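Below is one structure; the comments refer to it alone.
Residue numbers (the numbering used here), protein chains in the order written: chain R, 261 to 411; chain X, 1140 to 1458.
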């Protein structure tokens, strides 16, 4: 029931949006079923495809495991030590930078919807400029300190 | 009852597209690559120019023994191909071929596509870690580093297009498109194409599977059908990224007779981009890991931000 209610709400919102000047009328043409129900069904279909394919393989493929076959591959010689080795994670800094910029990118998408409104356009442009400018200074600083070098 | 029927019809159509289009791209790669290299490519399977080669490959894969190494983290290892594959199926569901021809018309589908395609990389990470193999682990590490670096320019390029269209829906973006975008959004389009090829781990960005260095990266220990699923995921990824490029930067269904033939235009534009992605594989050597990071952070991210600034200023000035 609550799902149907939220969907009805979305349809109203989309219809209202379509009458406003900037949103293409195409948005208002919604299918009868919620798109997210279809998305959930597609996920289910994908998992069914995987299960069905694995079922077919279980029926068709031979199964004759031997010790040598189950050994970890290491270019034909016996594996040395463990596979889960510690490595030096060189992209640690990149991961930090990525998280910072990814959070920033999340703010850009709502901006796309308000930039054309008369009251917000220029002001939001300046604000986003300041916001991204600070991040860019950070990136330039990281580059100058040599953090963007792999070696 | 009719709702159930509609949902079934829509999801099964997505599945059908998912099983046909990647094979088309795969066969195109066989033949295009072959002719670019002065070869013929597959010629026997199916009779006419080896059209059934990939079907034959599938039949072969399903009959191969499925090996899980004794040292592997068994459950994660066996489930990883599904995690790599299903996100591209879901992404395909929200990409419109024409205003009416879209399985799930999600309101913020541009954002949704970015989110789902980013999940696919988890399959590679799971595969690499669970294999308990040094090559696999190295491959997974490279995949992670590559994703971190190239996801960002990709997202920024799409944000710029959303800004230009004033819409977060792929349908709305293609509707707002005009030929002027070919120049205005060109830097963003180039960033998107490069970042998309890197996300797909296709040459020249195939460091994570570099066969001359780390055997086959995260997929080293995989055999038979599970291995085939990773390959299918790669080609499904090419389809998704090519169609996405067509919808975002080439106007999707816009063209002559778009009322009747809109879906065909989207598919044709996507196919052209897919051939370009194949062409890149033939034409360019593999980048080194540090060159890869350098390109992303020193070239692509600033370029994408410049495009964003250009789009924002132009939209505000012309409003």
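C-beta: ideal position from N, C-alpha, C; glycine also.
A quick note: this is a predicted structure, and the numbers were derived from the prediction, not measured.
Chain-order list of chain R residues neighbouring residue 1359 of chain X: 333, by C-beta distance under 7 Å. The Cβ atoms of residue 1206 of chain X and residue 320 of chain R lie no closer than 8 Å to each other. Residue 1279 of chain X is a Cβ neighbour of residue 1357 of chain X, given a cutoff of 8 Å.
Taking 8 Å as the upper bound for CB-CB distance, residue 1229 of chain X and residue 299 of chain R are in contact here, some 6 Å apart. Taking 9 Å as the cut-off between beta carbons, the residues of the stretch 1432-1443 of chain X near chain R are 1432, 1433, 1435, 1436, 1437, 1440 and 1441, in sequence order. In this chain, the alpha helix (DSSP H) harbouring residue 1294 of chain X covers 1273-1304.
The three-state reading of DSSP puts residue 367 of chain R in helix, counting H, G and I together.
Of the residues X/1157, X/1183 and X/1156, the one whose Cα lies closest to the Cα of residue 1169 of chain X is X/1183. Within chain X, no C-beta atom comes nearer than 7 Å to that of residue 404 of chain R; the closest sits roughly 12 Å away. When the five nearest sequence neighbours on each side are left out, the beta carbons in the same chain lying within less than 7 Å of the beta carbon of residue 1336 of chain X are those of 1344, 1416 and 1419, in order along the chain. Under the Cβ criterion (8 Å, minimum of three pairs), the stretch 357-365 of chain R counts as touching the stretch 1279-1290 of chain X.
Contact residues of the stretch 1257-1287 of chain X toward chain R are 1268, 1270, 1271, 1272, 1273, 1274, 1275, 1276, 1277, 1280, 1283, 1284 and 1287 (C-beta to C-beta distance below 8 Å). The alpha-carbon separation between residue 1158 of chain X and residue 1250 of chain X amounts to approximately 24 Å.
A residue is called buried when at least 16 other Cβ atoms come within 10 angstroms of its Cβ; residue 294 of chain R meets this threshold and is buried. For residue 310 of chain R, the nearest CB of chain X lies under 8 Å from its own CB, placing it at the interface with that chain. With fewer than three CB-CB distances shorter than 8 Å, the stretch 1222-1236 of chain X does not count as touching the stretch 1287-1302 of chain X. In the displayed model, residue 1351 of chain X falls within a helix according to three-state DSSP. Taking 8 Å as the CB threshold, residue 1202 of chain X lines the interface with chain R. Judged by beta-carbon spacing, residue 1164 of chain X lies beyond the 8 Å limit of residue 1412 of chain X, meaning their Cβ atoms are not closer than that value.
Interface flag for residue 361 of chain R against chain X is set, since a Cβ pair is found closer than 8 Å. A direct Cα-Cα distance of roughly 10 Å separates residue 1450 of chain X from residue 1327 of chain X. Of the candidates X/1234, X/1208, X/1203 and X/1216, the residue whose Cα lies closest to the Cα of residue 1386 of chain X is X/1234. Rounded to the nearest angstrom, the gap between the Cα atoms of residue 369 of chain R and residue 385 of chain R is 13 Å. Only those residues of the stretch 1183-1212 of chain X whose C-beta falls short of 7 Å from the nearest C-beta of chain R are listed: 1201, 1202, 1203, 1204, 1205, 1206, 1208, 1209 and 1210.
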